[in-house]
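Just so we're aligned: the sequence shown equals residues 11 to 318 in our numbering. Here the structure comes first, spelled out in structure tokens, and everything after it is commentary.
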Amino acid sequence: MVGTTRPAGRGRGGSGDGFEVMVRGTGHGRRLGAQGRGAIAAGLARGDSLASIARFLGVAVSTVSREVAAGGGRQAYDPQARHAQARAARARPKARVLDSNDQLRALVVQGLRQRWSPQQISRRLAADHPERDDLRVSHETIYQSLYVQGRGTLRAELGRHYRLRTGRSRRVPRSALAGPLASRPWLADARISTRPAQVADRAVPGHWEGDLVMGAGNRTAMITLVERTTRLVLIAPLLTDHTATTVATVLETMIKGLPRSMARSLTWDQGGEMAQVARFRTATNLEVYFGVSGVSRTGEIFVSLLIR
């Protein structure tokens with residue numbers, strides 16, 4: 011049986027269009043949950059417009075329209091049956107959104123060719139197409155398609171047009187020029203493959219990604235640290251030089267200024283500026299990991315925005 015909402019009254023959190031605001035959340039993101047579907051059924055039973063129902067739920071009219079259509083229309087809509095159907099559909103493997111939506115994929119590729127970051131593309135799509143849920147994509151989905159899924163299917167499509175936001179056709183990490191592992195003993199037992207899972211999934215704050223950013227002609231330099239979960243950014247200039255000793259000293263100062271709960275690990279490039287990592291570990295009690303392909307993606311995007 012579908013419960014109906016009573017007309018809103020003063021002091022009851024009522025909305026201005028006859029609904030009592032009793033649905034705290036409609037589901038995950040823009041996905042409707044059981045409460046949201048119940049509210050849709052109640053609105054349909056009263057003869058409310060789809061626009062009015064959408065305003066109440068705080069979603070696009072197209073979301074409600076698709077939901078009602080999927081449930082058989084106004085007269086046949088059953089929220090319980092529709093919710094069970096939706097849950098079953100979510101459990102089935104789906105085509106990746108950027109593989110199944112050609113228009114969305116083309117817009118993402120266009121943004122990348124203009125050297126926009128995945129975050130900028132995601133926000134721009136939402137702003138340019140507010141009523142088109144099918145043209146929404148999270149920045150994490152773009153990252154996945156660029157660097158993970160199918161060995162980077164989206165990146166492969168960009169081909170010769172693809173550029174990192176620094177303007178190079180591909181990133182050439184300092185690690186590729188630093189010589190064999192024997193000449194870089196500080197990398198031993200600190201590869202990124204040994205990094206705990208909680209660092210990768212960004213569930214716990216306190217894990218940082220660092221980079222040494224060089225100025226024009228390598229005359230100036232600075233250290234950037236980006237916290238993976240909160241995106242907190244720390245920047246420190248290197249006023250004299252960028253030797254391993256100076257980098258370690260400045261990094262110690264940066265990390266020691268943080269609460270212990272915000273200083274758990276650091277991921278860095280394999281460049282020689284971290285040759286004093288043993289000293290840094292001892293001074294800060296911080297775990298350090300070295301990536302195998304240059305600066306990590308979080309740091310890379312931040313640095314590119316910084317120098318744009």
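Cβ atoms here follow ideal geometry from the backbone N, Cα and C, with glycine treated the same way. Predicted, not measured: the structure shown is a model, and the values here were computed from it.
Span of the beta strand (DSSP E) holding residue i?
i	result
P247	V243 to L248
M264	Counting along the chain, M264 falls outside any beta strand (DSSP E), though it belongs to the alpha helix (DSSP H) covering A254 to K266.
D144	Taken as a continuous stretch (DSSP letters only), D144 belongs to no beta strand (DSSP E), as it is neither H nor E.
Counting C-beta neighbours from all protein chains within 10 Å, is the total for residue i 16 or more, i.e. buried, or is it exposed?
i	result
S148	exposed
L187	Any answer about L187 is weak, because its pLDDT of 36 lies below 50 and its placement is not dependable; what the coordinates show is given next. It is exposed - the Cβ of L187 has fewer than 16 other Cβ atoms within 10 Å.
L249	exposed
G82	exposed
L296	buried
E77	buried
T230	exposed
Q124	exposed
V243	exposed
D221	buried
V298	buried
D58	buried
G53	buried
R241	exposed
Would the beta-carbon of residue i fall within 8 Å of that of residue j?
i	j	result
P89	A51	yes
L108	L145	no
A254	G225	no
H217	V209	yes
A64	A55	no
R274	T239	no
S72	D143	yes
P215	M272	yes
H93	R133	no
Q286	F300	no
In this structure, what does DSSP give as the bridge partners for residue i?
i	result
V236	E219 and V243
A231	M224 and L248
By the DSSP assignment, the alpha helix (DSSP H) with residue i in it spans what residues?
i	result
L276	Here L276 belongs to no alpha helix (DSSP H); instead the beta strand (DSSP E) covers S275 to W278.
D112	D112 to R123
Q286	Q286 -> no alpha helix (DSSP H), and no H or E assigned at all.
L54	A44 to R56
S127	First-last for S127: undefined, no H or E at that position.
A64	L60 to L67
A86	Looking at the DSSP string, A86 is not in any alpha helix (DSSP H), and its letter there is neither H nor E.
A79	V71 to A80
V209	A207 to A210
Of the choices the options, whose alpha-carbon is the least far from that of residue i?
i	options	result
T256	L242, S275, V236 and R289	R289
A96	G68, S132, I63 and G43	G43
S110	R238, E77 and S155	S155
L245	E219, R229, N228 and P269	Note that residue 245 corresponds to Ile in the displayed sequence, not to Leu. The option with the nearest alpha carbon to I245 is E219.
P3	G227, L276, T263 and A231	Past the boundaries of the shown model lies residue 3; the chain is included only from 11 to 318, so the question cannot be answered.
L261	V236, R241 and S271	V236
R129	Y153, L114, H93 and Q113	Contrary to the premise, residue 129 reads as Gln rather than Arg in this sequence. Ranking the options by Cα distance to Q129, first place goes to Y153.
T292	G301, A258, Q280 and P269	A258
T294	W278, K266, M284 and Q286	K266
T234	W278, L114 and A99	W278
G68	Q85, A79, A80 and Q45	Q45
T151	E141, R115 and P140	R115
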